[in-house]
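Residue numbers (my numbering): 10 to 174. Worksheet: the structure to be examined is printed underneath.
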(Lines of atoms letter the chains of each structure in order from A and count residues from 1; the text may use other names and numbers.)
(Lines give C-alpha, C1' and ligand atoms only; values in the text may rest on other atoms or scores of the structure.)
Protein backbone atom coordinates (compact mmCIF):
# COMPACT_ATOMS: atom_id res chain seq x y z
CA UNK A 1 0.00 0.00 0.00
CA UNK A 2 2.80 2.42 0.90
CA UNK A 3 4.55 1.60 -2.35
CA UNK A 4 1.38 2.40 -4.32
CA UNK A 5 1.01 5.74 -2.52
CA UNK A 6 4.63 6.58 -3.30
CA UNK A 7 4.12 5.71 -6.96
CA UNK A 8 1.07 7.97 -7.14
CA UNK A 9 2.93 10.81 -5.45
CA UNK A 10 5.89 10.37 -7.79
CA UNK A 11 3.62 10.24 -10.84
CA UNK A 12 2.00 13.52 -9.83
CA UNK A 13 5.34 15.28 -10.21
CA UNK A 14 6.97 13.15 -12.89
CA UNK A 15 8.29 16.23 -14.73
CA UNK A 16 9.39 19.68 -13.66
CA UNK A 17 10.19 22.96 -15.33
CA UNK A 18 11.91 25.83 -13.61
CA UNK A 19 11.71 29.25 -15.17
CA UNK A 20 10.26 32.72 -15.13
CA UNK A 21 6.63 33.61 -15.84
CA UNK A 22 6.70 35.87 -18.89
CA UNK A 23 2.98 35.94 -19.68
CA UNK A 24 -0.40 35.54 -18.03
CA UNK A 25 -3.23 34.78 -20.46
CA UNK A 26 -6.04 34.52 -17.93
CA UNK A 27 -6.68 33.31 -14.39
CA UNK A 28 -5.44 29.77 -15.05
CA UNK A 29 -2.94 29.95 -17.92
CA UNK A 30 0.59 31.35 -17.98
CA UNK A 31 3.72 31.20 -20.13
CA UNK A 32 6.98 30.14 -18.50
CA UNK A 33 10.41 30.76 -20.03
CA UNK A 34 12.86 28.08 -18.91
CA UNK A 35 16.66 28.27 -18.58
CA UNK A 36 17.18 27.23 -22.21
CA UNK A 37 14.88 30.08 -23.29
CA UNK A 38 12.09 27.72 -24.35
CA UNK A 39 8.55 28.93 -23.70
CA UNK A 40 5.96 26.64 -22.13
CA UNK A 41 2.22 27.32 -21.95
CA UNK A 42 1.03 26.15 -18.54
CA UNK A 43 -2.58 25.46 -17.56
CA UNK A 44 -2.82 25.54 -13.77
CA UNK A 45 -3.84 22.09 -12.54
CA UNK A 46 -6.79 21.61 -10.26
CA UNK A 47 -8.63 24.87 -10.98
CA UNK A 48 -10.78 26.51 -13.60
CA UNK A 49 -10.86 30.31 -13.58
CA UNK A 50 -13.54 32.55 -15.08
CA UNK A 51 -13.10 33.27 -18.77
CA UNK A 52 -11.95 36.78 -19.74
CA UNK A 53 -15.42 37.78 -20.97
CA UNK A 54 -17.04 36.33 -17.86
CA UNK A 55 -17.68 38.11 -14.56
CA UNK A 56 -14.47 38.14 -12.47
CA UNK A 57 -12.38 37.06 -15.50
CA UNK A 58 -10.27 40.23 -15.44
CA UNK A 59 -9.94 40.14 -11.65
CA UNK A 60 -8.76 36.53 -11.79
CA UNK A 61 -6.12 37.36 -14.41
CA UNK A 62 -4.91 40.40 -12.45
CA UNK A 63 -4.63 38.37 -9.24
CA UNK A 64 -2.63 35.60 -10.94
CA UNK A 65 -0.41 38.26 -12.56
CA UNK A 66 0.34 39.79 -9.16
CA UNK A 67 1.14 36.32 -7.82
CA UNK A 68 3.51 35.05 -10.50
CA UNK A 69 4.26 37.47 -13.36
CA UNK A 70 8.01 38.02 -13.65
CA UNK A 71 8.66 35.52 -10.86
CA UNK A 72 10.81 32.41 -10.84
CA UNK A 73 8.56 29.37 -10.50
CA UNK A 74 8.69 25.60 -10.45
CA UNK A 75 6.10 23.71 -12.50
CA UNK A 76 5.33 20.11 -11.54
CA UNK A 77 3.37 18.20 -14.16
CA UNK A 78 2.59 14.89 -15.76
CA UNK A 79 0.30 15.69 -18.68
CA UNK A 80 -0.66 18.00 -21.51
CA UNK A 81 -4.21 19.05 -22.31
CA UNK A 82 -5.92 18.73 -25.68
CA UNK A 83 -4.58 22.18 -26.67
CA UNK A 84 -0.97 21.10 -26.07
CA UNK A 85 -0.57 23.10 -22.85
CA UNK A 86 1.22 21.58 -19.90
CA UNK A 87 -1.21 21.00 -17.05
CA UNK A 88 0.81 21.64 -13.92
CA UNK A 89 1.10 22.85 -10.40
CA UNK A 90 2.92 26.19 -10.26
CA UNK A 91 4.95 26.86 -7.14
CA UNK A 92 6.40 30.28 -6.33
CA UNK A 93 8.52 30.34 -3.19
CA UNK A 94 6.83 27.06 -2.24
CA UNK A 95 3.32 28.56 -2.54
CA UNK A 96 0.81 26.88 -4.86
CA UNK A 97 -0.61 29.47 -7.30
CA UNK A 98 -3.79 27.41 -7.81
CA UNK A 99 -4.49 27.42 -4.08
CA UNK A 100 -3.97 31.20 -4.00
CA UNK A 101 -6.47 31.67 -6.83
CA UNK A 102 -8.98 29.55 -4.91
CA UNK A 103 -8.29 31.39 -1.65
CA UNK A 104 -8.99 34.74 -3.33
CA UNK A 105 -12.27 33.35 -4.68
CA UNK A 106 -11.09 33.80 -8.26
CA UNK A 107 -11.28 30.18 -9.46
CA UNK A 108 -13.20 26.98 -8.91
CA UNK A 109 -11.70 23.71 -7.77
CA UNK A 110 -11.96 21.75 -11.03
CA UNK A 111 -13.59 18.65 -9.56
CA UNK A 112 -13.98 17.02 -12.96
CA UNK A 113 -10.22 16.38 -12.82
CA UNK A 114 -9.72 15.97 -9.08
CA UNK A 115 -8.86 12.28 -9.46
CA UNK A 116 -5.64 13.44 -11.14
CA UNK A 117 -4.62 15.30 -7.97
CA UNK A 118 -2.87 13.86 -4.96
CA UNK A 119 -5.15 13.18 -2.01
CA UNK A 120 -3.49 16.08 -0.15
CA UNK A 121 -4.04 18.57 -2.98
CA UNK A 122 -7.61 17.39 -3.57
CA UNK A 123 -8.41 17.93 0.11
CA UNK A 124 -6.60 21.29 0.37
CA UNK A 125 -8.22 22.68 -2.80
CA UNK A 126 -11.72 21.63 -1.68
CA UNK A 127 -11.17 23.12 1.78
CA UNK A 128 -9.80 26.44 0.50
CA UNK A 129 -12.62 26.74 -2.05
CA UNK A 130 -15.15 26.11 0.71
CA UNK A 131 -13.54 28.79 2.91
CA UNK A 132 -13.67 31.29 0.02
CA UNK A 133 -17.36 30.49 -0.51
CA UNK A 134 -18.14 30.93 3.19
CA UNK A 135 -16.34 34.28 3.35
CA UNK A 136 -17.89 35.46 0.04
CA UNK A 137 -14.45 36.13 -1.44
CA UNK A 138 -14.18 37.19 -5.07
CA UNK A 139 -16.70 35.53 -7.35
CA UNK A 140 -18.48 34.02 -4.34
CA UNK A 141 -19.98 37.51 -3.70
CA UNK A 142 -22.26 36.73 -6.62
CA UNK A 143 -25.35 34.86 -5.35
CA UNK A 144 -25.21 32.47 -8.32
CA UNK A 145 -21.73 32.43 -9.90
CA UNK A 146 -21.55 30.57 -13.20
CA UNK A 147 -18.69 28.08 -13.41
CA UNK A 148 -16.53 28.56 -16.51
CA UNK A 149 -17.30 25.07 -17.85
CA UNK A 150 -21.03 25.96 -17.80
CA UNK A 151 -20.36 29.40 -19.28
CA UNK A 152 -18.30 27.91 -22.14
CA UNK A 153 -21.07 25.41 -22.91
CA UNK A 154 -23.66 28.20 -22.96
CA UNK A 155 -21.46 30.23 -25.33
CA UNK A 156 -21.08 27.26 -27.70
CA UNK A 157 -24.84 26.73 -27.67
CA UNK A 158 -25.44 30.43 -28.47
CA UNK A 159 -23.03 30.22 -31.41
CA UNK A 160 -24.68 27.05 -32.73
CA UNK A 161 -28.10 28.69 -32.59
CA UNK A 162 -26.81 31.80 -34.40
CA UNK A 163 -25.27 29.65 -37.15
CA UNK A 164 -28.49 27.66 -37.52
CA UNK A 165 -30.56 30.82 -38.06
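Using N, Cα and C, we set each Cβ at its ideal position, and we do this for glycine too.
Count the other C-beta atoms from every protein chain shown that fall within 10 angstroms of the C-beta of residue i, then say buried if there are 16 or more, exposed otherwise.
i	result
residue 89	exposed
residue 77	buried
residue 98	buried
residue 35	buried
residue 37	buried
residue 31	exposed
residue 73	buried
residue 75	exposed
residue 130	buried
What separation, rounded to the nearest whole angstrom, lies between the Cα atoms of residue i and residue j?
i	j	result
residue 56	residue 116	6 Å
residue 112	residue 60	18 Å
residue 167	residue 50	29 Å
residue 28	residue 173	46 Å
residue 160	residue 149	16 Å
residue 163	residue 65	17 Å
residue 101	residue 170	43 Å
residue 67	residue 142	19 Å
residue 165	residue 63	14 Å
residue 110	residue 151	17 Å
Measure the CB-CB distance between residue i and residue j and report whether it falls below 8 Å.
i	j	result
residue 69	residue 58	yes
residue 132	residue 54	no
residue 125	residue 23	no
residue 25	residue 84	yes
residue 114	residue 135	no
Where do the ends of the beta strand (DSSP E) carrying residue i lie?
i	result
residue 79	Taken as a continuous stretch (DSSP letters only), residue 79 belongs to no beta strand (DSSP E), as it is neither H nor E.
residue 126	That residue, residue 126, is in no beta strand (DSSP E); it is neither H nor E in DSSP.
residue 100	95-101
residue 110	No beta strand (DSSP E) contains residue 110, which is instead part of the alpha helix (DSSP H) from 106-112.
So the alpha helix (DSSP H) residue i belongs to, where does it begin and stop?
i	result
residue 35	Residue 35 -> not in any alpha helix (DSSP H); beta strand (DSSP E) instead, spanning 24-35.
residue 145	Careful: residue 145 lies outside any alpha helix (DSSP H) and carries neither H nor E.
*Does the region 144-162 touch the region 90-101, meaning 3 or more C-beta pairs lie closer than 8 Å?*
no
*Do three or more CB pairs link the region 112-126 to the region 38-46 at distances below 8 Å?*
Under the Cβ criterion (8 Å, minimum of three pairs), the region 112-126 does not count as touching the region 38-46.
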